[in-house]
Every structure is written in structure tokens, then in C-alpha cells.
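One structure is given here, and the rest of the page talks about it.
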Amino acid sequence: MFIETETTPNPATLKFLPGRQVMASGTREFTDPDAAEASPLASALFSLGDVTGVFFGGDFISVSAAPGVEWAHLKPQVVAVLLDHFVSEAPLFTGGDAAAIAIPADDAFEDDPADADIVAQIQDLIETRVRPAVANDGGDIIYRGFRDGVVYLTMQGACAGCPSSSATLKQGIEGLLKHYVPEVNEVRAA
């Protein structure tokens with residue numbers, strides 16, 4: 077088995093591609109060792125000591141390192157953990173799948189039913205245009221809500237701590253949404 081690695085716009089995060097499916101659907105982010113207990117793989121990565129975040133995408137795993145950690149030393153350790161996991165065909169989650177774990181409370185708010193068409197357009201653009209681009213960078217974007225012309229989004233994985241994430245939200249995503257959905261005035265991180 078060969079695991080490819082890619083850099084991301086976030087220098088603290090590398091994207092690892094095992095050449096097979098990681099998540100059948102959705103994504104999952106772990107931001108501390110306690111949350112990682114839901115996944116043997118995430119727990120093993122956090123046990124390396126220098127890992128501060130793990131993100132599972134459809135066909136990749138993004139791993140974030142603590143400030144000051146050299147990837148030259150951490151990368152071989154991460155690859156070894158990933159190889160052990162995938163070669164042994166261990167389950168990704170305790171209990172076998174993501175349904176067996178508690179996901180942190182969602183801070184989304186209820187959209188106004190009068191905005192249903194606008195919200196549908198926003199969500200379609202996020203799914204078809206934004207999420208694939210963000211996934212290429214080792215992350216994900218979660219829709220949180222739309223209120224008074226403002227779209228609330230959360231960046232995950234490599235994108236969460238990326239120095240360019242605010243530029244991505246403001247110049248990239250906000251520009252796209254404003255262009256196609258005139259009711260959008262602004263995009264904010266939630």
C-alpha cells in the first residue's frame with residue numbers, strides 16, 4: 077500500500093491520500109484527543125503527541141501539527157500509523173461506523189422558511205462549487221445558516237486554521253455567493 081501526501085494552504089496541515097475510501101459519506105473532524113476516542117485511527121494519530129487535529133474526508137485524512145513541529149519528523153510517523161490502520165482493515169470508528177459516535181452540538185440556527193429558495197441556492201452552490209475546492213485543500217465547509225443577508229459557514233480540517241481561510245471566505249466564497257444569489261450581502265465564519 078502506498079500513501080500519497082499533499083501540502084495544503086495551511087502549513088500546519090498535510091493531506092494524506094491512502095488510495096481508498098476513508099468516509100463513505102460526510103466528513104468528521106477531531107480537534108482534541110478526547111473527541112478522537114471515537115475513532116481508533118484518530119486516537120492513534122493524536123497519541124503521536126504532536127498532532128493537534130485530524131480530519132476524515134471521502135478519500136483523504138488531513139493531519140494538523142502543533143506549532144513549531146517539523147513535518148520532516150512527524151510525517152513518517154503519521155504514514156506508519158495510517159499504513160498500520162489500513163493494512164489491518166481496522167474500523168474507522170469505535171462501533172464500526174460514524175453513527176456510533178456523538179457529534180458535537182451544531183451551532184446552526186433555524187433558517188426563516190420564507191428564505192427557503194435562497195437557502196436552497198446557497199446550499200447547492202456550496203455542495204457543487206465550494207466543497208469540492210475546499211476538499212482539494214484537505215478540508216470541508218459546513219453551512220450553518222442564513223439570516224438578514226448573511227451566510228454563516230464553518231471551515232474544518234486544513235481550512236480551519238489556515239492563514240488564508242478568512243480570504244477564502246471573503247474573497248472566494250462570498251464573491252461566488254453574491255454573484256449567483258443577489259440576496260447574499262456577506263459571508264461570516266460561524
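In this note's numbering, the protein residues as written are 77 to 266.
All residues carry an ideal CB built from backbone N, CA and C; glycine is no exception.
Because the structure is a prediction, the values reported are computed rather than measured.
I'd like the list of long-range same chain contacts for residue i, defined as Cβ closer than 8 Å, with 5 residues on each side in sequence excluded.
| i | result |
| --- | --- |
| ALA181 | With a pLDDT of 46 at ALA181, under the threshold of 50, the predicted position of this residue should be treated as unreliable, though the coordinate-derived value follows. So the list is empty, once near-sequence residues are dropped. |
Return helix, strand or coil for residue i, following the three-state DSSP convention.
| i | result |
| --- | --- |
| VAL210 | helix |
| THR81 | strand |
| ALA265 | strand |
| ASP216 | strand |
| GLU105 | strand |
Apart from the five residues just before and just after residue i, which ones in its own chain have a Cβ nearer than 6 Å to its Cβ?
| i | result |
| --- | --- |
| ILE177 | Here the model assigns ILE177 a pLDDT of 43, short of 50, so the residue's position is not dependable and the matter cannot be decided. |
Please return the same chain residues whose Cβ sits closer than 7 Å to the Cβ of residue i, not counting the five positions on each side in sequence.
| i | result |
| --- | --- |
| GLU250 | GLU262, VAL263 |
| ARG205 | LEU252 |
| LYS151 | THR81, LEU90 |
How should residue i be labelled, buried or exposed, when 16 other C-beta atoms within 10 angstroms of its C-beta is the threshold for buried?
| i | result |
| --- | --- |
| ASP216 | buried |
| GLY171 | exposed |
| MET231 | buried |
| VAL157 | buried |
Practice problem: Count the C-beta pairs between the stretch 212-229 and the stretch 247-261 that are closer than 8 Å, then say yes if the count reaches three, no if not. | Solution: yes
Exercise. Please go through the stretch 116-198 and give each complete beta strand (DSSP E) segment of 3 or more residues, from N-terminal end onward.
Key: 127-132, 137-141
Quiz prompt | Touching by the beta-carbon criterion (3+ pairs, under 8 Å), the stretch 80-88 and the stretch 200-214 | solution = yes
Self-check item: Contact the stretch 86-98 vs the stretch 153-163: 3+ CB pairs below 8 Å
Solution: yes
Quiz prompt | the stretch 112-130 touching the stretch 194-204, judged by at least three CB pairs closer than 8 Å | solution = no
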